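Comments concern the structure below.
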Amino acid sequence: MTMDESSSGHATDDHGDLVTIRGLVKSFGPVLALKSVDFTLRPGEVHALLGENGAGKSTLIKILAGVQQSDGGTMEVLGQPWNARNTGESRDAGISVVYQELSLIPDLSVAANLTLGRESLNPVRIIRRRRDERAIGKYLEGLGVDLDPKARVSALPFAYRQMAEICKALLGEVKVLVLDEPTSALSKGEEAVLFDAVRRVTAAGVGVIYVTHRLDEVFQLSDRVTVLRDGSSVATFNTAETNMRELVSTIVGPGKSAVRDEIEREVAADGDSATPTTEDAAIAFVQAASRPVRLELAHVSNSRLNDVSLTLHQGEIHGLAGQVGSGRTEILETIFGVRHAKRGTVTLDGKEERFRRSDQAIRAGIAMVPEDRHIEGLVLDHPLDWNLTMPLVGTTFGLLPIGRAAVKKAAEAAVKRFAIRTHSVHTPASQLSGGNQQKIVFGRWSSPTPKVLLLDEPTAGVDVGSREEIYRIIRDIADSGTTVIVVSSDLVELMLISQRISVVHDGSIVNTVERSELDDTRDLHILIQESSSSLKESA
Amino acid sequence: MTISTDFDTRRGAWTLRNVGPMLLENRSQVLLYGAALVMVVAFSIASPVFFSADNFLNIGRQTTLVSIIAVGMTFVIISGQIDISVASNVALSGMVAAIAMQQFGDFWGIGAAAGILCGMAVGLVNGIVTAVWRVPSFLVTLGMLGIARGTALLLTDAKPVLINDPNYYAIFGEGSILGIPAPVLWTIVALAIGAVLLHGTRFGRRVYATGGNAVAARYSGINTVRTTIVAFLIVGALAGLAALVLTARFHAARPDVASGLELDVIAAVILGGTSLFGGRGLIFGTLMGSLIIGILNNGLVLLGVNSAAQLVIKGIIIIVAVGISNKR
Numbered sequence: 001m002t003m004d005e006s007s008s009g010h011a012t013d014d015h016g017d018l019v020t021i022r023g024l025v026k027s028f029g030p031v032l033a034l035k036s037v038d039f040t041l042r043p044g045e046v047h048a049l050l051g052e053n054g055a056g057k058s059t060l061i062k063i064l065a066g067v068q069q070s071d072g073g074t075m076e077v078l079g080q081p082w083n084a085r086n087t088g089e090s091r092d093a094g095i096s097v098v099y100q101e102l103s104l105i106p107d108l109s110v111a112a113n114l115t116l117g118r119e120s121l122n123p124v125r126i127i128r129r130r131r132d133e134r135a136i137g138k139y140l141e142g143l144g145v146d147l148d149p150k151a152r153v154s155a156l157p158f159a160y161r162q163m164a165e166i167c168k169a170l171l172g173e174v175k176v177l178v179l180d181e182p183t184s185a186l187s188k189g190e191e192a193v194l195f196d197a198v199r200r201v202t203a204a205g206v207g208v209i210y211v212t213h214r215l216d217e218v219f220q221l222s223d224r225v226t227v228l229r230d231g232s233s234v235a236t237f238n239t240a241e242t243n244m245r246e247l248v249s250t251i252v253g254p255g256k257s258a259v260r261d262e263i264e265r266e267v268a269a270d271g272d273s274a275t276p277t278t279e280d281a282a283i284a285f286v287q288a289a290s291r292p293v294r295l296e297l298a299h300v301s302n303s304r305l306n307d308v309s310l311t312l313h314q315g316e317i318h319g320l321a322g323q324v325g326s327g328r329t330e331i332l333e334t335i336f337g338v339r340h341a342k343r344g345t346v347t348l349d350g351k352e353e354r355f356r357r358s359d360q361a362i363r364a365g366i367a368m369v370p371e372d373r374h375i376e377g378l379v380l381d382h383p384l385d386w387n388l389t390m391p392l393v394g395t396t397f398g399l400l401p402i403g404r405a406a407v408k409k410a411a412e413a414a415v416k417r418f419a420i421r422t423h424s425v426h427t428p429a430s431q432l433s434g435g436n437q438q439k440i441v442f443g444r445w446s447s448p449t450p451k452v453l454l455l456d457e458p459t460a461g462v463d464v465g466s467r468e469e470i471y472r473i474i475r476d477i478a479d480s481g482t483t484v485i486v487v488s489s490d491l492v493e494l495m496l497i498s499q500r501i502s503v504v505h506d507g508s509i510v511n512t513v514e515r516s517e518l519d520d521t522r523d524l525h526i527l528i529q530e531s532s533s534s535l536k537e538s539a
Numbered sequence: 540m541t542i543s544t545d546f547d548t549r550r551g552a553w554t555l556r557n558v559g560p561m562l563l564e565n566r567s568q569v570l571l572y573g574a575a576l577v578m579v580v581a582f583s584i585a586s587p588v589f590f591s592a593d594n595f596l597n598i599g600r601q602t603t604l605v606s607i608i609a610v611g612m613t614f615v616i617i618s619g620q621i622d623i624s625v626a627s628n629v630a631l632s633g634m635v636a637a638i639a640m641q642q643f644g645d646f647w648g649i650g651a652a653a654g655i656l657c658g659m660a661v662g663l664v665n666g667i668v669t670a671v672w673r674v675p676s677f678l679v680t681l682g683m684l685g686i687a688r689g690t691a692l693l694l695t696d697a698k699p700v701l702i703n704d705p706n707y708y709a710i711f712g713e714g715s716i717l718g719i720p721a722p723v724l725w726t727i728v729a730l731a732i733g734a735v736l737l738h739g740t741r742f743g744r745r746v747y748a749t750g751g752n753a754v755a756a757r758y759s760g761i762n763t764v765r766t767t768i769v770a771f772l773i774v775g776a777l778a779g780l781a782a783l784v785l786t787a788r789f790h791a792a793r794p795d796v797a798s799g800l801e802l803d804v805i806a807a808v809i810l811g812g813t814s815l816f817g818g819r820g821l822i823f824g825t826l827m828g829s830l831i832i833g834i835l836n837n838g839l840v841l842l843g844v845n846s847a848a849q850l851v852i853k854g855i856i857i858i859v860a861v862g863i864s865n866k867r
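Sequence lines, in order, name chains V and L.
Under the working numbering, think of the first position of the first sequence as 1, with each following residue one higher.
Under the working numbering, think of the first position of the second sequence as 540, with each following residue one higher.
This is the structure we're talking about:
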C-alpha cells in the first residue's frame with residue numbers, strides 16, 4: 001500500500017468533512033466488490049475518483065447514494081453515522097448523484113424537467129407554467145448557469161443537457177454532488193462549459209466527487225484524487241503534488257505487469273507455445289508487414305471521424321485503443337459501410353470501395369462482430385443454425401432453397417471449430433451463455449473466411465475461459481491471412497492479441513505503436529492519456 | 540449442457556419439422572387449437588346444419604379471401620411490420636381489373652394482370668415508405684387504407700363495373716377441378732407458394748431475421764430494406780388475387796367491398812401463432828387461424844348472431860389471442 005501520508009492524515013484530522021468513509025466493505029455473494037475503502041470529502045473541493053473498470057467506483061457511489069447497502073466499515077455524512085437504505089434518504093441528507101445516463105425527459109422544457117412532480121398549481125390544479133419558468137430562471141441565474149428555462153431539453157447541445165441535469169441534481173439542500181464520468185460524451189468546447197459549472201458549484205461550498213477515466217481532467221479540475229484498485233482505496237493524493245506517471249502506476253498496480261500475468265496464466269492453461277510474448281509480437285508484426293497490404297484508409301473523414309489513415313497487411317491484428325466515444329467504433333462502422341466516408345478513400349486489396357450498406361461490405365469480404373451481441377449480433381429467439389448462417393442466407397440469391405444439408409454442415413462445423421457448448425444446433429440462441437453467444441457471432445464468419453474482420457469489444461461480458469478461446473479463435477483467423485481490427489477498452493486484451501496498436505482520440509488516430517515497443521499496460525495507459533491531453537493543450 | 544457432438548439428427552422436411560419446435564414450444568398455440576375444437580363441437584351441437592360436408596365446403600369458400608391475404612400478411616408480420624390497407628387494396632385492385640377489361644377487351648388475362656399489378660403497386664408504395672423512409676408501417680398503411688379506398692370510389696364515382704368474360708368467372712369463381720371450387724384451389728396455390736417461399740428459401744430466412752432483429756440482420760449482410768419491401772409486395776399481390784376471386788363471385792367490381800376484411804386477416808395470422816413483434820410464425824399456423832376465423836364467422840351466422848355482435852366477438856378474440864401470445 002502506498003498511502004499518501006500527508007494528505008490522508010490531514011483529511012482525518014479535519015472534522016468539517018462532508019463525507020468520511022473508513023474500511024468500507026461490500027460483497028455480492030462470494031465476490032468482494034469493496035474490500036476496504038477509505039475516503040473523505042471536504043466542503044468546496046473536487047475529489048476525483050480513479051480506477052480501472054471493476055475497481056469499485058460504481059459500487060462506492062451506489063452505497064453513498066443508498067442504492068446499495070454496505071456490509072462493513074463506517075460511513076459518516078456531515079458528522080452523522082450513515083447507512084442510507086434508499087435514494088430518498090440520501091437525497092434528504094444532501095447527497096445528489098448524476099449518473100452517466102441522463103434522466104431528463106427530452107420533450108419537456110428545462111423548467112418542466114426541474115419542477116417535475118413539484119409543479120406549482122393553480123386552484124383547479126392546472127400547472128402555472130410561467131411561474132415555474134420564472135422560479136427556475138431565477139434558480140439558474142443564482143447558479144450562474146446560462147440556460148433558458150423555456151428551452152426544450154432535446155433541442156439543447158449535449159453539454160447543456162448535462163448542465164441541466166446537474167442543476168436538477170442541485171435543487172434543494174445539496175452538500176455532496178457526485179458526477180459519474182460526466183465528460184464521456186462531450187466535445188472539448190462542451191467540457192469547458194461543464195468544468196465552469198463544477199467550479200461554480202464548489203465555490204458555493206458543495207463537495208464534488210468526480211468519477212472519471214481521464215487523467216487530464218483530474219489535473220484540470222480536482223483538488224484531491226483517490227485511486228481504487230480491486231475494491232480497495234490504494235492512495236489519496238493532493239493533485240498538485242502528483243503527476244500522471246505516478247497516478248497510472250497507482251491505477252495499474254505495483255509488481256508484475258498485468259499482461260505478463262495474463263500470458264503466464266494462459267501458457268499454464270493450454271501449454272500453447274504460440275502464445276505471444278513481446279518478442280513473438282515483434283516477429284509476427286515483421287511477418288505481417290512483409291505480406292501484401294489488405295486494407296488502406298487514406299484521410300477518411302465524416303461526421304465522427306477526422307482524417308483517419310491506416311494501412312493494414314494480410315494477417316495483421318491491429319488494436320484500436322482510446323476512450324469510450326473517441327471514435328474507435330466509428331472507424332469500424334465506416335469500413336463496414338454502416339457509416340460513409342465523406343472524404344478520403346477506403347481501399348481493399350488494391351481496389352477502392354465505397355460501400356453504401358453493410359451487405360455490400362460483407363460481399364466484398366469484410367465482416368464485423370458488433371459490440372452489443374443482444375442488440376446488434378443475435379436473433380435470440382432463433383435457433384443456433386439460423387443465427388450462424390445469416391450471412392449465407394443474406395448474401396446469396398433469395399429464391400435459392402435454404403440448402404438444409406449445407407446449412408447444417410456449416411453450422412456444425414462452426415460449432416465444432418469454436419467449441420460452442422450446446423446440445424443441438426436447433427437450440428435458440430437465448431438459451432446459451434454469454435461466452436457461447438459471442439462465439440456464435442464469431443462463428444458466423446468462419447467460412448468463407450473474411451478478408452477483414454472487425455471486432456468491437458470482442459470479450460465484453462464474456463467469462464475468462466471463453467475469453468481465452470476467443471483469443472485463440474482470433475489468432476487462428478489471422479493466421480489464415482485475415483486482417484483483424486480489434487477495438488477494446490481492455491488494455492491487457494489489446495496487448496495480448498495485437499501486433500500494432502493505434503490510439504484514437506476525438507475521431508483521429510493520434511498515435512500508432514508496435515506492440516513490441518510497449519512493456520506492459522502501464523505504457524499503453526500513459527500513451528492513451530498523453531495522446532488525449534496533449535491534443536487538448538494544442539487545441 | 541453437453542459438448543456439441545450429439546446433434547439432432549431428424550431429417551429436415553421443409554415445413555413443420557424444422558420450424559416445428561418453434562410452434563410446439565408455444566404451448567398457447569396448442570391451447571388455441573383445443574379451443575377451436577371445442578368451438579366446432581359447440582357449433583355442431585347448437586346448429587344441426589353446421590357439421591356437414593356442404594357446410595365445410597362453404598366455410599372453405601367463405602374463408603378464401605381471408606386465407607389468401609393472410610398468407611401475405613404472414614410475411615409482413617414476421618418481418619416486423621403490419622399492413623392494414625389490404626381490404627382497401629382488394630377494392631381498388633378489383634376496380635382496376637374490371638376497368639382494364641372494360642377498356643382493353645373482355646379477356647380474363649387482362650383483368651388478372653391489371654388486378655395483381657395494382658395490388659403490387661399498392662404494396663410497393665407501402666413497402667418503400669415503411670422501409671426507406673422509416674415511417675411506422677401502421678401509419679403508412681393507415682394512410683394507404685384511405686388512399687386506396689378513396690381512389691376506388693373516385694374511379695367510377697362509386698358505381699360498380701360489370702365484368703363480361705365468362706372465362707373470368709370460371710377461372711376465379713365458379714369453375715372447379717375434381718369437385719374443388721376454383722377459389723379454394725387458388726387458396727391452396729397461395730398457401731403452397733407462401734409455404735415454399737417462407738420456409739424453403741433463403742428469402743424466407745431473411746424475413747424471419749429482419750423481424751427477429753433487424754440490426755443483427757443488417758450486421759450479418761441481410762438487406763432488410765429490400766426484404767421488407769418484398770414482404771409488402773407479396774401481400775399486395777395476394778390482395779390483388781383476392782380481388783379477382785371476389786369480383787368473379789359478383790361478376791362485377793364494386794368500390795365498397797371487403798371493408799373490415801383486414802380485421803379478419805390480421806386475426807387469422809395472429810391466431811395462427813405468428814408473433815406481432817416479428818421473427819416468429821408459420822404458414823401452417825396462418826391456415827389454421829384462417830379456418831378458425833371461418834368457422835367462427837360461419838357458426839355465428841348459423842346461430843343467428845347479428846353482424847354487429849360478430850364484430851365484437853372477433854375483436855375480443857384478437858385481443859385475447861395477442862395477450863396469450865405476448866405471455867409466451
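Where a beta carbon is used, it is the ideal one built from N, C-alpha and C, also for glycine.
These numbers come from a predicted model, not from an experiment.
Same chain only: Cβ atoms within 6 Å of residue i, ignoring 5 sequence neighbours per side
i: V/G23; result: S36, G73
i: L/G733; result: V610, I822
i: L/D645; result: N703, D704
i: V/W445; result: A367
Residue i: first and last residue of the uninterrupted alpha helix (DSSP H) it sits in
i: L/F595; result: 592 to 617
i: V/D223; result: Neither: V/D223 is in no alpha helix (DSSP H) and is coded neither H nor E.
i: L/N837; result: 822 to 841
i: L/N762; result: Unbroken run through L/N762: none, as it is neither H nor E.
i: V/R161; result: 158 to 169
i: L/F677; result: 676 to 694
Alpha-carbon to alpha-carbon, residue j and residue i
i: V/S233; j: V/V176; result: 20 Å
i: V/V369; j: L/T767; result: 24 Å
i: V/G319; j: V/L247; result: 24 Å
i: V/V462; j: V/I474; result: 15 Å
i: L/I710; j: L/A652; result: 14 Å
i: L/I937; j: L/G658; result: Outside the displayed range of chain L (540 to 867) lies residue 937 of chain L, so it cannot be described from this structure.
i: V/D146; j: L/R745; result: 51 Å
i: V/R328; j: V/A411; result: 31 Å
i: V/K62; j: V/G29; result: 17 Å
i: V/D148; j: V/G137; result: 7 Å
i: V/G142; j: V/D71; result: 40 Å
i: V/H426; j: L/F614; result: 22 Å
i: V/L60; j: V/L34; result: 8 Å
Assumed close pair residue i, residue j - CB separation to whole angstroms, cut-off 8 Å
i: V/E165; j: V/L121; result: Contact flag wrong, Cβ pair sits at about 25 Å.
i: L/G714; j: L/R788; result: L/G714 to L/R788, Cβ: 12 Å. No contact.
i: V/L295; j: V/L348; result: 6 Å
Range covered by the beta strand (DSSP E) that runs through residue i
i: V/E353; result: 351 to 353
i: V/D180; result: 176 to 180
i: V/N387; result: Per DSSP, V/N387 belongs to no beta strand (DSSP E); it is in the alpha helix (DSSP H), 384 to 388.
Same chain, Cβ closer than 7 Å to residue i, five either side skipped, listed in chain order
i: V/S531; result: V503, H505, V510, N511
i: V/G51; result: K57, V227, L228, R229, I251
8 Å Cβ shell around residue i - same chain, five flanking residues per side excluded
i: L/A687; result: S624, S627, N628, A630, L631, V661
Got a sec: which bits of the stretch 826 to 858 of chain L sit with their beta carbon under 7 Å from any beta carbon on chain V, in order along the chain?
-> Residues passing the 7 Å Cβ filter: none.
Using a Cβ-Cβ cut-off of less than 7 Å, give me the residues of the stretch 67 to 83 of chain V that come near chain L, in sequence order.
-> Those residues of the stretch 67 to 83 of chain V that come within reach of chain L (Cβ to Cβ, closer than 7 Å) do not exist; the list is empty.
Got a sec: which bits of the stretch 372 to 391 of chain V sit with their beta carbon under 7 Å from any beta carbon on chain L, in order along the chain?
-> For the stretch 372 to 391 of chain V, the residues whose beta carbon sits under 7 Å from a beta carbon of chain L are, in order, I375, E376, G377, L378, V379, D381, H382, W386, M390, P391.
Against chain V: residues of the stretch 742 to 774 of chain L by CB proximity under 7 Å | Listed in sequence order: F742, R744, R745, Y747, A748, G751, N752, V754, A755, A756, R757, Y758, S759, G760, I761, N762.
With 9 Å as the limit, tell me which residues of the stretch 796 to 825 of chain L have their beta carbon closer than that to any beta carbon of chain V; keep them in chain order.
-> Taking 9 Å as the cut-off between beta carbons, the residues of the stretch 796 to 825 of chain L near chain V are S814, G818, R819, in sequence order.
Under 9 Å (Cβ pairs) to chain L, residues found in the stretch 138 to 156 of chain V = Answer set for the stretch 138 to 156 of chain V: empty.
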